[in-house]
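In the numbering used here, the protein residues as written are 1 to 427.
Every residue, glycine too, gets a C-beta built ideally from N, C-alpha and C.
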């Protein structure tokens, strides 16, 4: 078996993405979770490919900590029968999943968020991505959102116990693998925190942050814009509280990073798929956005409670990402993926036929484009010849007029000479 962690979908040809490092301002948490999965699979001796547009710093940190790494720097290719292709649930285009489904590979979806919040949830035509600021909390992670891919032979895994529970309630197995870090961030001993509250202003919850911040008067607030992952952790290390007004999503990385360095999240209780956002894990939760600022003020006014929660946050955050336990869960999931179903060959045959048809259409389209370019060149040549013909005719007409003028002048001169000769004879 070869494990392929593929971060980028491809709707036309069904290719697994190329693998290359690119310049990126930061790496989203969900992608980091899939990096972790790839490194864990590599650490147990499997052949692993990590495909997509990769961030070098995160890759190298994991490589240094794990001592094994997935293959990168790969060209795009078609899936093969011995591939287990692991993709994120967040793709919005059904064709990206359909092209993989019609391949000889086994497919697994890493459910990073409740289905229907960001990615296409395997439903009939007409679905559009909702606004996370206003989406009905019961409109996501419905039973059908898990049952449909499972019925098509796709394996499911997740890092959120809440998502795993929702799938299991729908009668669908969804493996909880959690998260893992070989070298997680930790609090800095004896640090004097210079900031009361840190909040992010470049993610989907920024409008809610903007709503709460004016009510934090008297506190020092660090508004963290788009920054590298290292910069975000460094600034969380300096803060006592993370303002986290997330309505609903999966196991978000930012509040875990805050907890890992002893920064206490103050968050909403509405996200039933969150991890570590409760009192026992060192967080404070409230039911409404309007309650966030009062909760922050109350926490910072009680130094003993803040210290207790900060210590609890760091301890539980570290235990959640124990690397060896994580590798065991990844190993268990990979070994549980069933062999390819008998209909896999038929689906691959359909996919191959579709690929051939698409390639033929692309070839025809390319040939038509080449013919169109050639026609444009011929038209340009024709127009140039017409212009040259027009100029030649104008020059010919001009020359004819000159010739007539010269002829007329010569005739006049001859007539004058004849008249002069006659005059001489008569005189």
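Check residue i in the structure and name its three-state DSSP category.
i	result
residue 19	strand
residue 260	helix
residue 158	strand
residue 235	helix
residue 53	strand
residue 176	strand
residue 61	helix
residue 70	coil
residue 110	strand
residue 265	strand
residue 77	strand
residue 291	helix
residue 117	coil
residue 244	strand
residue 374	helix
residue 296	helix
residue 249	coil
residue 428	The displayed coordinates of the chain run from 1 to 427. Any statement about residue 428 would go beyond what the structure contains.
residue 205	coil
residue 423	helix
residue 229	helix
residue 341	coil
residue 13	coil
Is it right to say residue i is buried, meaning 16 or more other beta carbons lie within 10 angstroms of its own, or is it exposed?
i	result
residue 13	exposed
residue 225	exposed
residue 385	exposed
residue 271	buried
residue 323	buried
residue 423	exposed
residue 102	buried
residue 392	exposed
residue 62	buried
residue 302	exposed
residue 351	buried
residue 83	buried
residue 189	exposed
residue 398	exposed
residue 378	exposed
residue 259	buried
residue 193	buried
residue 339	exposed
residue 375	exposed
residue 73	exposed
residue 6	buried
residue 128	exposed
residue 490	Residue 490 is absent from the structure shown; the chain starts at 1 and stops at 427.
residue 91	buried
residue 99	buried
residue 118	buried
residue 363	exposed
Can you give the beta carbon distance from residue i to residue j, rounded, assuming they're within the 8 Å contact cut?
i	j	result
residue 330	residue 177	6 Å
residue 249	residue 276	So it is not a contact: roughly 13 Å between Cβ atoms.
residue 185	residue 257	6 Å
residue 310	residue 282	7 Å
residue 198	residue 163	Not really, about 27 Å apart at Cβ, beyond 8 Å.
residue 46	residue 19	Not a contact, Cβ separation roughly 16 Å.
residue 266	residue 296	5 Å
residue 220	residue 241	That belief does not hold up - the Cβ atoms of residue 220 and residue 241 are roughly 11 Å apart, past 8 Å.
residue 26	residue 227	7 Å
residue 37	residue 69	Wrong, their Cβ atoms sit about 13 Å apart, outside the cutoff.
residue 4	residue 51	6 Å
From what residue to what residue does the alpha helix (DSSP H) around residue i run?
i	result
residue 330	323-336
residue 213	Here residue 213 belongs to no alpha helix (DSSP H), and DSSP marks it neither H nor E.
residue 94	94-101
residue 32	29-43
How would you write the range of the beta strand (DSSP E) that residue i sits in, first residue to last?
i	result
residue 223	221-224
residue 149	First-last for residue 149: 143-151, but that is the alpha helix (DSSP H), not the beta strand (DSSP E).
residue 312	Run containing residue 312: none in the beta strand (DSSP E); it sits in the alpha helix (DSSP H), 303-320.
residue 199	195-200
residue 2	2-6
residue 88	83-88
residue 429	For the chain, the structure presents residues 1 to 427; residue 429 sits outside this window and is missing.
key: Three or more C-beta pairs below 8 Å linking the region 211-225 and the region 78-89   = no
contact_flag[the region 120-131, the region 139-151] where n(CB pairs < 8 Å) is 3 or more = yes
ask   = Are the region 323-341 and the region 304-315 in contact at 8 Å, needing three or more beta carbon pairs?
value = no
request  = Evaluate contact between the region 27-38 and the region 54-68, counting only Cβ atoms and requiring at least three cross-stretch pairs below 8 Å.
outcome  = Touching, per the Cβ criterion.
query = If we count Cβ pairs, one from each stretch, closer than 8 Å, do we get three or more for the region 103-114 versus the region 154-167?
reply = Short answer: they touch.
query = Quick one: any contact between the region 124-134 and the region 156-166, if contact means 3 or more CB pairs under 8 Å?
reply = no
ask   = So does the region 312-319 actually touch the region 227-237, counting three or more Cβ pairs closer than 8 Å?
value = No: fewer than three Cβ pairs fall under 8 Å.
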